[in-house]
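Heads up, the thing below is written out as structure tokens.
Number of protein chains: 2
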Amino acid sequence: MIARTDTKDRILASADRLLRSHGFNGFSYQDIARPLGIRNAAVHYHFATKADLTVAVVESVRKLLHDRTDHFMAHGGDARLQMEGFLVFSIRECAADGCVCPVGALAADFFALPEPVQAAARRLVDDLVTWMTRVCTLGREQGSFRFQGDPADKAREILAALQGARQLSRVLGPSAIEAVAEQLRRDLGIAGV
Amino acid sequence: MIARTDTKDRILASADRLLRSHGFNGFSYQDIARPLGIRNAAVHYHFATKADLTVAVVESVRKLLHDRTDHFMAHGGDARLQMEGFLVFSIRECAADGCVCPVGALAADFFALPEPVQAAARRLVDDLVTWMTRVCTLGREQGSFRFQGDPADKAREILAALQGARQLSRVLGPSAIEAVAEQLRRDLGIAGV
DNA sequence: GTCTATAGATCGATAGAC
DNA sequence: GTCTATCGATCTATAGAC
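Sequence lines, in order, name chains A and B.
Note that the numbering used here has the first sequence beginning at 1, numbered continuously upward.
Note that the numbering used here has the second sequence beginning at 194, numbered continuously upward.
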């Protein structure tokens, strides 16, 4: 059934964009239904509750992360390429539509979120930290990165900086995340590559 | 009139806490009125609209920042003390109640916010960046900080990292911001002081 | 300055026809 | 799978008594 899958995917894509641009409490089923030319109730058919829909969005992002990093997590690879890919990805997404990552979108309302949504956010953050920690560990072993201290701390610092930078960019413009990304490169000793 | 000022201040304090814990779209006039033992309409008497109330919250934070940094901005001082004070302040606020700074609270919904609220957020971010840039500039001149590149870039990196860390801490627990703060110190060469 | 009462809108969600 | 219709709740904001 092409129609079913197609509509469900469109709903998911729309919810993804709305969640990351307006936050969990900043979009409604109406906002999703109207541009798709369907009704409120049709969205509820595919995703019974707003919590279900939001969890699905977070899980789709988590799956995207796994698709892009599973090989690296299992077999290793060039840490500098992984890092640079993530920086460029963050800058491009931020500049394109000012969207933050789902974690940043959910964190602001976190204590007011349905518990399943909180749990999904936790899973995504755990995955991001695990992956970034491996990138930092391998990068230093490979002689690509220069930093002091525990790779797990450096990983959280980098993730926090990018998350915060995407939010700063909403207020200051796209130059903010570019400046932060370039400073992160300088700190790691990979600027001007 | 003690009563008037007192209630207005209580409303402001309550709104501050609610904004930073639940986001702009995550709290209502009811949430403010009930714990204070007053009614919805009484809040509207002091702050006509939710935008007015939110702008007042942001401006009060901006005033607090000025009170703490005006002397430093005018006459200089010990950059390491300014930096350490800000790190400790951020950690303590984050651990106490999981609140993010107003910028982080407003950034998630930013494109859905009333324009005056967006403008107030911009003013606060500009002030923070200006101050932190001065801290970084003086810190390097004083030989306290070690970093590559433009102090304005380092300043935005640090602010972004702390803002992101406060949000990560909601998901991962208070250890996240402590780890990020310690990594920021290591990067600057002021760890273990 | 605070109240009661309510307007007016929107929200998430459900029931049932098609 | 999408529709119409609607429920019940909640929200921002206002009017007017006290």
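Heads up, the beta-carbon is just placed ideally off N, CA and C, and yes, glycines get one too.
Just so you know, these numbers come straight off a predicted model, no measurement behind them.
Original post:
Does DSSP put proline 116/A in a helix, a strand or coil?
Top reply: Helix at proline 116/A.
Original post:
Can the beta-carbon of glutamine 335/B be found less than 9 Å from the beta-carbon of aspartate 245/B?
Top reply: No. Outside cutoff.
**OP:** Step through the CB atoms of chain A and report whether any lies within less than 9 Å of the CB of isoleucine 195/B.
**Re:** Legend: pLDDT at isoleucine 195/B = 48, less than 50; position of this residue unreliable, value from coordinates given subsequently. Among the CB atoms of chain A, none fall inside 9 Å of the CB of isoleucine 195/B.
Original post:
Can you tell which of Gly149/A, Ala120/A, Ala108/A, Gly98/A has its C-alpha closest to the C-alpha of alanine 56/A?
Top reply: For the options Gly149/A, Ala120/A, Ala108/A, Gly98/A, the alpha carbon positioned closest to that of alanine 56/A is the one of Ala120/A.
**OP:** Would you mind telling me which residues of chain A sit closer than 7 Å to histidine 215/B, beta carbon to beta carbon, in chain order?
**Re:** Proximity of chain A to histidine 215/B at the Cβ level (cut-off 7 Å) is accounted for by Asp109, Phe111, Ala112, in chain order.
Subject >> Where aspartate 109/A falls: helix, strand or coil (DSSP) >> reply: Aspartate 109/A falls in the coil class under three-state DSSP.
Original post:
At which residues does the alpha helix (DSSP H) containing cysteine 287/B begin and terminate?
Top reply: Per DSSP, cysteine 287/B belongs to the alpha helix (DSSP H) from 272–290.
Original post:
In three-state terms, what does DSSP make of threonine 69/A?
Top reply: Here threonine 69/A sits in helix by DSSP.
Original post:
Would a C-beta distance cut-off of 9 Å place aspartate 16/A and histidine 22/A closer than the cut-off?
Top reply: In this structure, histidine 22/A does not lie closer than 9 Å to aspartate 16/A by Cβ.
Original post:
So which residues on chain B does glutamate 115/A lean against when the C-beta distance must stay under 9 Å?
Top reply: Neighbours of glutamate 115/A on chain B: none; closest Cβ ~13 Å, over 9 Å.
Subject >> Reduced DSSP category for isoleucine 231/B - H, G, I as helix; E, B as strand; rest coil >> reply: Isoleucine 231/B: coil per DSSP, three-state reduction.
Original post:
Counting pairs of Cβ atoms below 8 Å between the region 128–145 of chain A and the region 274–285 of chain B, do you hit three or more?
Top reply: Counting C-beta pairs closer than 8 Å gives fewer than three between the region 128–145 of chain A and the region 274–285 of chain B, which falls short of the contact rule.
Subject >> Member of Cys101/A, Gln148/A, Ala112/A whose CA lies at the smallest distance from the CA of leucine 128/A >> reply: The candidate whose alpha carbon is nearest that of leucine 128/A is Cys101/A.
Original post:
Hey, aspartate 346/B and alanine 179/A: beta-carbon distance below 9 Å or not?
Top reply: Going by C-beta atoms, aspartate 346/B is nearer than 9 Å to alanine 179/A.
Subject >> Chain-order list of residues whose beta-carbon lies under 7 Å from that of phenylalanine 27/A (same chain, five-residue window excluded) >> reply: Taking C-beta separations shorter than 7 Å and ignoring five residues to either side along the sequence, the partners of phenylalanine 27/A in its chain run Leu18, Leu19, following chain order.
Original post:
Are there three or more Cβ pairs, one per stretch, closer than 8 Å when the region 148–164 of chain A is compared with the region 353–362 of chain B?
Top reply: Between the region 148–164 of chain A and the region 353–362 of chain B, the count of C-beta pairs closer than 8 Å reaches three or more; the two stretches touch.
**OP:** Give the DSSP-derived three-state secondary structure of glycine 385/B in the structure shown.
**Re:** It is coil, neither helix nor strand.
Subject >> Residue range of the alpha helix (DSSP H) that includes glutamine 171/B >> reply: It is not possible to answer for residue 171/B, since the shown part of chain B is limited to 194 through 386.
Subject >> chain B residues whose Cβ lies nearer than 8 Å to that of glutamine 142/A >> reply: In chain order: nothing, as chain B lies at least about 20 Å away.
Subject >> Neighbour flag for glutamate 182/A against chain B, beta carbons, 9 Å >> reply: Judged by the 9 Å Cβ criterion, glutamate 182/A is in contact with chain B.
Original post:
Within the chosen definition, does the region 171–191 of chain A reach the region 197–207 of chain B through at least 3 CB pairs nearer than 8 Å?
Top reply: Fewer than three Cβ pairs drawn from the region 171–191 of chain A and the region 197–207 of chain B lie within less than 8 Å of each other, which leaves the two stretches out of contact.
Original post:
Are valine 296/B and valine 171/A closer than 9 Å when you measure CB to CB?
Top reply: Yes.
**OP:** With a 10 Å radius around its C-beta and 16 neighbouring C-beta atoms as the bar for buried, classify tyrosine 222/B as buried or exposed.
**Re:** Burial state of tyrosine 222/B is buried, judged by a 10 Å Cβ sphere holding 16 or more other Cβ atoms.
Original post:
For phenylalanine 217/B, does the three-state DSSP call read helix, strand or coil?
Top reply: Three-state result, phenylalanine 217/B: helix.
Original post:
Is it right to say leucine 257/B is buried, meaning 16 or more other beta carbons lie within 10 angstroms of its own, or is it exposed?
Top reply: It is exposed - the Cβ of leucine 257/B has fewer than 16 other Cβ atoms within 10 Å.
Original post:
Can you tell which of Asp263/B, Gln376/B, Glu286/B, Ile284/B has the C-alpha that lies nearest to the C-alpha of proline 151/A?
Top reply: Proline 151/A has its Cα closest to that of Gln376/B, out of Asp263/B, Gln376/B, Glu286/B, Ile284/B.
**OP:** Sort Thr54/A, Gly37/A, Thr49/A by Cα distance to leucine 12/A and report the nearest one.
**Re:** Cα-wise, what sits closest to leucine 12/A is Thr54/A.
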